[in-house]
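Undergrad: Pasting a structure here, questions to come.
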Amino acid sequence: MNHLAYLDPPIEVLAAGARLEMILSRLRSGRMRPFRADFPISHSSSEALLLDTESVDENTLIQFIKDIGQSLRPILILGDPALAGHFANAVFIPRDRDLSVLRGRLDAITRRSARMSELRLRRETAATFGVTLPEPSAETVPDLLYLGDGSSRFLALQAALGERGITVTAAFSAHTAADYVRQRAFAAILLDITSEPRSLHKLANWVTASIDHFEHTPLLGLLSEGTEPSHSLETIIRYMSHVFEPCTPAHDLAAHVDAYGRRAEVQSLKAKDNTPISTICHPETGLFSQTFFEAHLQNQIELSADRGDSLSLLVICDPQHDRLAHREKKLVANVVLSNMRETDLPVTIDPDTFAISLSATGYKGAVHICDRLFRELEAVAPDLAARLGWRITEKRAYHDARRLLSEARSGVYQKARTA
-6 MNHLAYLDPP IEVLAAGARL EMILSRLRSG RMRPFRADFP ISHSSSEALL
44 LDTESVDENT LIQFIKDIGQ SLRPILILGD PALAGHFANA VFIPRDRDLS
94 VLRGRLDAIT RRSARMSELR LRRETAATFG VTLPEPSAET VPDLLYLGDG
144 SSRFLALQAA LGERGITVTA AFSAHTAADY VRQRAFAAIL LDITSEPRSL
194 HKLANWVTAS IDHFEHTPLL GLLSEGTEPS HSLETIIRYM SHVFEPCTPA
244 HDLAAHVDAY GRRAEVQSLK AKDNTPISTI CHPETGLFSQ TFFEAHLQNQ
294 IELSADRGDS LSLLVICDPQ HDRLAHREKK LVANVVLSNM RETDLPVTID
344 PDTFAISLSA TGYKGAVHIC DRLFRELEAV APDLAARLGW RITEKRAYHD
394 ARRLLSEARS GVYQKARTA
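Following this note's numbering, the numbering of the sequence shown begins with -6 at its first residue and continues without gaps.
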């Protein structure tokens, strides 16, 4: 295999004849690692599969739909768009020439597959406790509202968000933004905080007047270069859920916005038919309970083994085992909720330990998430951040839920990232 091609994402290809070689060639040119599909095709694999409807015979198509139809495996349909409706997690590729730029879309559908698998599994676990959670939808994507003058920084962010499948509605005046907010709800609102004092004053007045409408909507501020401290800026930042510095790269911004947009906070979790969810939530912090967590963690371990995905467990506590005050526990819980992805499952383990299971995440990715948590905790409560330590354990073949949790809670807790 040439150079570092083995690092490219794999994709299984179900095609025949000359079109098979053409598809394989175009995928390789798009920095992907294609391989020919063989029957029986796995329905539990997490790797994407591309189906070419023009070269596969009808009997093969019928058998494939029968075997894979309801699987959450990412499916890419090249050819007939009508076939996409037969699969639970499919994307239509309209043209052959799109194959060479497929990698970005594949990233989006892989994330969607991980999200759907986790939310469906969470629903199954909750059902064993008598709680019926809403059925997750593959079509649910964040609808974000942007208010600003369309700066080059926003255009770069919009492109990065588009790669993640996130839609953005742009409003170039506070009046237009107010109309949009009255018409429908948004997952988050992005404010381009200009350095021009007059526009900054108008933005501060709009945010102050409209804040009652944003009680459950994160407000994300994009600071511009050269913005000077002022009363208007202080007023705006007071209402922001998060403020991004001008030097933050567009792709990092997109990842944070994605996390805010897709996050379903446990505190506002609604069960179907108004079923009480106190049986699966911790009464003091609003995170999931340890009993629910252990049952769900075992299901996550089994699913990750079937799909060949990684799974990590992050544990946060005071290494000296000093008790945390109620206010401190709520503070840690709020920081966890404001920084977790929708597929991350946070839990409070009595008396003062917090854990987060990170599906489809290896050790290195878990460290980045932990770094982000502690940076925000240090910003709001430096003394508390200095007290707490963390430990990350990646799931191995011999782990079950109790052993993984026990191993993650034992040993040395780190207080700073090591090289």
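Glycine included, C-beta positions come from ideal geometry on N, C-alpha and C.
1) Restricting to runs no shorter than 4 residues, where is the alpha helix (DSSP H) found entirely within the segment 183 to 236?
2) Using alpha carbons as the reference points, say which of M109, L338 and L137 lies closest to P127.
3) Could you have a look at A11 and say whether DSSP puts it in helix, strand or coil?
4) According to the neighbour-count rule (16 or more other Cβ atoms, all chains shown, within 10 Å of its Cβ), is D31 buried or exposed?
5) Taking 8 Å as the threshold, find out whether the segment 270 to 288 comes into contact with the segment 340 to 352 through three or more Cβ pairs.
6) Cβ atoms of A248 and D302: under 7 Å apart, would you say?
7) Going straight from the alpha carbon of F80 to that of G155, what length do you get?
8) Which class does I34 belong to by DSSP, given the choice of helix, strand or coil?
9) Quick one: Cα of E218 to Cα of D142, how far?
10) Tell me L304's beta-bridge partners as DSSP assigns them.
11) Cα-Cα, which of R396, H275 and H224 is closest to D427?
12) By the three-class DSSP mapping on this structure, what secondary structure does R29 have?
13) For the 8 Å Cβ check, are there 3 or more pairs between the segment 20 to 40 and the segment 55 to 72?
14) Can you list, in chain order, the residues of its chain whose CB lies under 8 Å from that of T228, leaving out five sequence neighbours each side?
15) If you reduce the DSSP assignment to three classes, tell me which class T278 lands in.
16) Rounded to the nearest angstrom, how far is the Cβ of D310 from that of Y406, given a contact under 8 Å?
17) Applying the criterion that 16 or more other CB atoms from any shown protein chain within 10 Å of the CB defines a buried residue, is P67 buried or exposed?
18) Note down the Cα distance separating G355 from R365, rounded to an integer number of angstroms.
19) Going by CA-CA distance only, name the one from S403, E371 and L338 that's closest to H314.
20) Who does D136 pair with in a DSSP beta bridge?
21) When the distance is taken between beta carbons, is A401 closer than 7 Å to R389?
22) Might you give, ordered along the chain, the residues of its own chain that have their beta carbon closer than 6 Å to the beta carbon of Q151, omitting 5 neighbours on each side?
23) Taking just the CA atoms, how far does L216 sit from R105?
24) CB L54 to CB L7, shorter than 7 Å?
25) Quick check on the DSSP output: the beta strand (DSSP E) that includes T341 runs from which residue to which?
26) Give the straight-line distance between the Cα atoms of D299 and A107, rounded to the nearest whole angstrom.
27) Suppose only complete runs of 3+ residues qualify. What are the beta strand (DSSP E) ranges in the segment 42 to 109, listed by chain order?
28) When burial is assigned at 16 or more other CB atoms within 10 Å of the CB, is H392 buried or exposed?
29) Got a sec, what are the start and stop residues for the alpha helix (DSSP H) E321 sits in?
30) Between the C-alpha atoms of L75 and L377, what's the straight-line distance to the nearest angstrom?
31) Less than 7 Å between the beta carbons of E51 and G72, yes or no?
TA: Taking the geometry as given:
1) 190 to 203 and 224 to 231
2) M109
3) If DSSP states are grouped into helix, strand and coil, A11 belongs with the helices.
4) exposed
5) yes
6) no
7) Each residue's alpha carbon lies about 23 Å from the other.
8) Three-state result, I34: coil.
9) Rounded to whole angstroms, E218 to D142 spans 14 Å at the Cα level.
10) S352
11) In this structure the chain extends from -6 to 412, so residue 427 is not present and cannot be described.
12) strand
13) Below 8 Å, enough C-beta pairs join the segment 20 to 40 and the segment 55 to 72 to call them touching: three or more.
14) A197, V200 and T201
15) coil
16) A small fix is needed here, since residue 310 is Cys in this sequence, not Asp. Indeed they touch by this definition, with Cβ atoms about 7 Å apart.
17) buried
18) For G355 and R365, the distance between alpha carbons rounds to 16 Å.
19) S403
20) T160
21) no
22) The answer, listed in chain order, is V161.
23) Their backbone Cα atoms lie some 30 Å apart in a straight line.
24) no
25) D337 to I342
26) 13 Å
27) 68 to 71 and 83 to 86
28) buried
29) H319 to N332
30) Just to set this straight, residue 75 is Ala in the shown sequence, not Leu. Taking the straight line from one Cα to the other gives about 55 Å.
31) no
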